[in-house]
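Quick notes on the structure that follows.
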Amino acid sequence: MDFELVAPAVPRSPLATSSADSLLAPPANADAKSVIDASPLSMRRPSSDKSGEDRVAKVTDAAEIEAHRQRELRWISALTSTSPSQARKAKRIRKLVLEGVPASVRYQVWALLTDSKAKRMEGLYARLGQRERVAPISNIEQDAQRIFHDQPLLDQSLVNVLQAYLTMVPDVQYTKGLAMIAGQLILQSPEEDAFWTFVTMMDSHIRPYYSPQPILLDIDSSLFSKAMENNDAPLAQRILVEMAIPPICICRPWFTALFADAFPTDLLLRVWDVFLFEGVSFLFRVGLAVISSCRQSLLQCRGQESLLAILAHPPPHCLPPTPDAFIELAFSVKLRDEDIYKQRNKLEAQLKRQVQARSQLSASRVSTPTISLPRS
0 MDFELVAPAV PRSPLATSSA DSLLAPPANA DAKSVIDASP LSMRRPSSDK SGEDRVAKVT
60 DAAEIEAHRQ RELRWISALT STSPSQARKA KRIRKLVLEG VPASVRYQVW ALLTDSKAKR
120 MEGLYARLGQ RERVAPISNI EQDAQRIFHD QPLLDQSLVN VLQAYLTMVP DVQYTKGLAM
180 IAGQLILQSP EEDAFWTFVT MMDSHIRPYY SPQPILLDID SSLFSKAMEN NDAPLAQRIL
240 VEMAIPPICI CRPWFTALFA DAFPTDLLLR VWDVFLFEGV SFLFRVGLAV ISSCRQSLLQ
300 CRGQESLLAI LAHPPPHCLP PTPDAFIELA FSVKLRDEDI YKQRNKLEAQ LKRQVQARSQ
360 LSASRVSTPT ISLPRS
């Protein structure tokens with residue numbers, strides 16, 4: 000197996016170095032001891048031939064390394080044999096996503112799940128970057144410096160990606176969430192690849208959230224409040240009725256940043272892995288899992304501000320101990336994904352008709368000035 004296939008020579012996210020996902024697969028001829036000693040997963044205890052515990056730990060690490068390598072190989076096979084247009088329909092791909100996506104292939108997996116190569120046009124990204132600066136460019140630059148202050152090399156790439164996107168799609172309203180999403184993509188992949196993944200992610204899932212009239216965000220917030228009631232009626236009563244918190248105040252920080260500001264990086268990346276396969280309904284599941292995890296803290300809140308702060312930035316001690324445990328919790332909540340899509344399509348059509356009717360009514364009320372012609 001060629002090493003570059005297992006660990007592509009692309010910029011790697013410095014945020015992934017603490018998880019098993021960052022493990023580079025060892026050369027095929029490496030012995031078990033050299034693999035263990037090179038692994039960041041290795042429990043570096045003092046060596047002792049008499050320590051049975053030490054030998055057990057090394058065996059466990061070796062098994063974990065091998066399991067990780069096998070996941071990489073399965074993903075490499077899937078990447079070369081699965082059509083991007085069929086990836087989100089394939090049970091094999093879903094199984095691999097739930098097992099875990101190694102960091103060495105993550106950006107390629109995301110490109111597969113978004114089918115970003117289908118929209119890629121060679122040379123367009125460079126030409127977009129040469130256009131006149133977009134209106135919110137100063138806000139983008141400030142957000143890039145604030146959000147990724149410990150990644151100074153990211154700033155210009157983030158500005159480049161958002162400048163190119165907003166000049167290509169001028170009807171999108173810039174928010175800080177866009178910078179957080181694009182920044183995470185850049186941390187995973189080369190700049191232009193990140194741009195095209197961003198384009199397809201927006202088009203496939205969340206672009207309507209940034210419209211001048213974000214009807215779909217209002218709809219999804221309303222549907223999320225109903226899902227809250229179905230899962231935990233007493234807590235929903237407390238939040239939505241007694242504290243009078245509008246659902247959109249809960250959902251906007253989550254959905255417009257894809258939870259990028261809510262979770263530690265290892266959890267965020269796992270959430271995005273699954274979201275890019277499952278679609279928007281998984282955002283509902285993630286939000287419900289957050290509320291379930293933080294239930295006791297939420298019930299103790301006495302004001303809107305403190306409650307919204309907990310939801311926007313869930314305390315780590317409230318969340319499940321591992322990303323996999325959180326994903327399992329998200330899938331366990333009471334929610335029918337197909338119902339979400341049916342209801343949002345129905346409500347979106349209704350609201351669009353209402354908006355159109357109001358526009359026509361307003362136009363009819365504008366009196367046309369009469370023209371007074373002189374008599375001959």
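0 is the number of the first residue of the sequence shown in numbering that gives the first Met the number 0; add one for each residue after it. Ideal Cβ placement from N, Cα and C applies to all residues, glycine included.
* Residue burial classification, glutamate 71 (beta-carbon count within 10 angstroms, cutoff 16) -> buried
* To do: Pick out the complete alpha helix (DSSP H) segments inside the region 239-304, 4 residues or longer, and give them in chain order.
  => 246-254, 264-277, 280-292 and 294-299
* Asked: Mapping DSSP to helix, strand and coil, what is phenylalanine 147?
  -> coil
* To do: Express the C-alpha separation of alanine 226 and lysine 341 in angstroms, rounding to a whole number.
  => 14 Å
* **Close-in-space but distant-in-sequence residues of the same chain around valine 160 (CB under 7 Å, 5 per side omitted)** => Ala181, Ile185, Glu190, Ala193, Phe194 and Phe197
* To do: Within the same chain, show all residues whose beta-carbon is closer than 7 Å to that of alanine 288, passing over the 5 residues directly before and after it, in chain order.
  => Phe325, Leu328, Ala329 and Val332
* Reference asparagine 230, options Ser292, Arg87 and Ala308, closest by Cα -> Ser292
* Asked: Which class does proline 83 belong to by DSSP, given the choice of helix, strand or coil?
  -> helix
* **Rounded C-alpha distance that separates leucine 216 from alanine 61** => 47 Å
* Using beta-carbon positions only, say whether glutamate 140 and valine 158 come within less than 7 Å of one another. => yes
* **For glutamate 63 and proline 45, the rounded distance between their alpha carbons** => Confidence in proline 45 is poor, its pLDDT being 31 and thus under 50, which makes the residue's placement too unreliable to answer from.
* To do: May I ask which residues mark the beginning and end of the alpha helix (DSSP H) holding glutamate 121?
  => Segment: none, glutamate 121 is in no alpha helix (DSSP H) and carries neither H nor E.
* Quick one: any contact between the region 85-97 and the region 171-178, if contact means 3 or more CB pairs under 8 Å? -> no
* Asked: Going by other Cβ atoms of all chains shown within 10 Å of its Cβ, with 16 needed for buried, is alanine 232 buried or exposed?
  -> exposed
* **valine 171 in three-state terms, based on DSSP** => coil
* **Euclidean distance between Cα positions of glutamate 337 and glutamine 129** => 43 Å
* Counting Cβ pairs, one atom from each stretch, are 3 or more of them under 8 Å apart for the region 78-85 and the region 108-120? -> yes
* **alanine 24, buried or exposed, once every other Cβ within 10 Å from all chains shown has been counted against 16** => With a pLDDT of 38 at alanine 24, under the threshold of 50, the predicted position of this residue should be treated as unreliable, though the coordinate-derived value follows. Answer is buried; the Cβ neighbour count reaches 16.
* For leucine 318, three-class secondary structure by DSSP -> coil
* Anticipated Cβ contact below 8 Å, methionine 201 with leucine 306, distance rounded -> The pair is not a contact, with the Cβ atoms about 30 Å apart (cut-off 8 Å).
* **Integer Cβ distance of histidine 204 from valine 279, believed to fall under 8 Å** => 6 Å
* Beta-carbon spacing of phenylalanine 262, phenylalanine 223 below 7 Å -> no
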